[in-house]
Each structure stands twice: as structure tokens, then as C-alpha cells.
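Structure first, commentary second.
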Amino acid sequence: MVKEGIVLGHRISNKWLEVDQAKVEVIEKLPPPVNIKGVRSFLGHAGFYRRFIKDFLKITKPLCQLLQRDVPFNFDENCLKAFETLKTALVTAPVIISPDWSKPFEL
1 MVKEGIVLGH RISNKWLEVD QAKVEVIEKL PPPVNIKGVR SFLGHAGFYR RFIKDFLKIT
61 KPLCQLLQRD VPFNFDENCL KAFETLKTAL VTAPVIISPD WSKPFEL
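So for the sequence shown, the UniProt record's numbering puts the first residue at 1; every next one is plus one.
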């Protein structure tokens, strides 16, 4: 019986769930996007792991604003900071542990 493995981009076992480090390493090496297509692609890849990143929407807000219609592409310091913060959050993403169903806990 397999004790752990990678399923749909997540490393899983019967006790925890974490990001696949191989995919995170690829994202970590990405240069800042130079056009809207690059921003959309980066947000798509990062969004796959949004459950592991606290305040994902707040972090990505400057990048998401670049995707609005009739807004000129201006990758400024706020966008660069959001890009780097998101990459750092992905690299340091926590492991999600399953609850122990035999003990009481709060949601």
C-alpha cells in the first residue's frame, strides 16, 4: 500500500496535504511578467495553490488590476512587490494536517 504520493499537484498522505515542491520550484524561478498574458498565466499557476496562502486575494490585487479591460499594462513597484510576495508565500506554504477525528476540535 502506498503511504504518500503526488495527486493533482499536491503531495498527500493519510495525515497531511502540501504543495508539490517540483511545481513550486518552477514558479519560484519565473521572471516578472512583461505582458497581460504573462500575468494571467502566473496568477493561474499560483491560484492552484491559493488554499495554502493566507490573504491570497489581498496579495494578488495589484496583479489582478492589470487584467481589467481598458487599463494600460504598467507593471509598477506594487505589482513587483505582489509578485515577489506571492512567490515567497508559495515557497514557504504550510502543510495542511488532517484533524484527529477521535479528539474534539473547533472550526
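Glycine is no exception: its CB is placed at the ideal position from the N, C-alpha and C atoms.
Check: How close, in whole Å, do the beta carbons of leucine 90 and isoleucine 53 come, if the pair is a contact with beta carbons under 8 Å?; Outcome: 7 Å
Check: With DSSP run on the structure shown, which of helix, strand or coil describes isoleucine 59?; Outcome: helix
Check: Look at the alpha carbon of leucine 80 and the alpha carbon of asparagine 35, and state the distance between them as a whole number of angstroms.; Outcome: 13 Å
Check: Rank Asp55, Phe83, Asn74 by C-alpha distance to the C-alpha of leucine 43 and give the top, closest one.; Outcome: Phe83
Check: For the alpha helix (DSSP H) containing asparagine 78, name the first residue and the last one.; Outcome: 77-91
Check: Tell me which same chain residues have a C-beta within less than 7 Å of the C-beta of arginine 27, skipping the five on either side of it?; Outcome: Position check: residue 27 holds isoleucine in this sequence, whereas arginine was assumed. Answer for isoleucine 27: His45, Ala46, Lys87, Leu90, listed in chain order.
Check: Return the CA-CA distance between aspartate 70 and threonine 85, expressed in angstroms with no decimal places.; Outcome: 26 Å
Check: Between which two residues does the alpha helix (DSSP H) carrying phenylalanine 73 extend?; Outcome: Phenylalanine 73 -> no alpha helix (DSSP H), and no H or E assigned at all.
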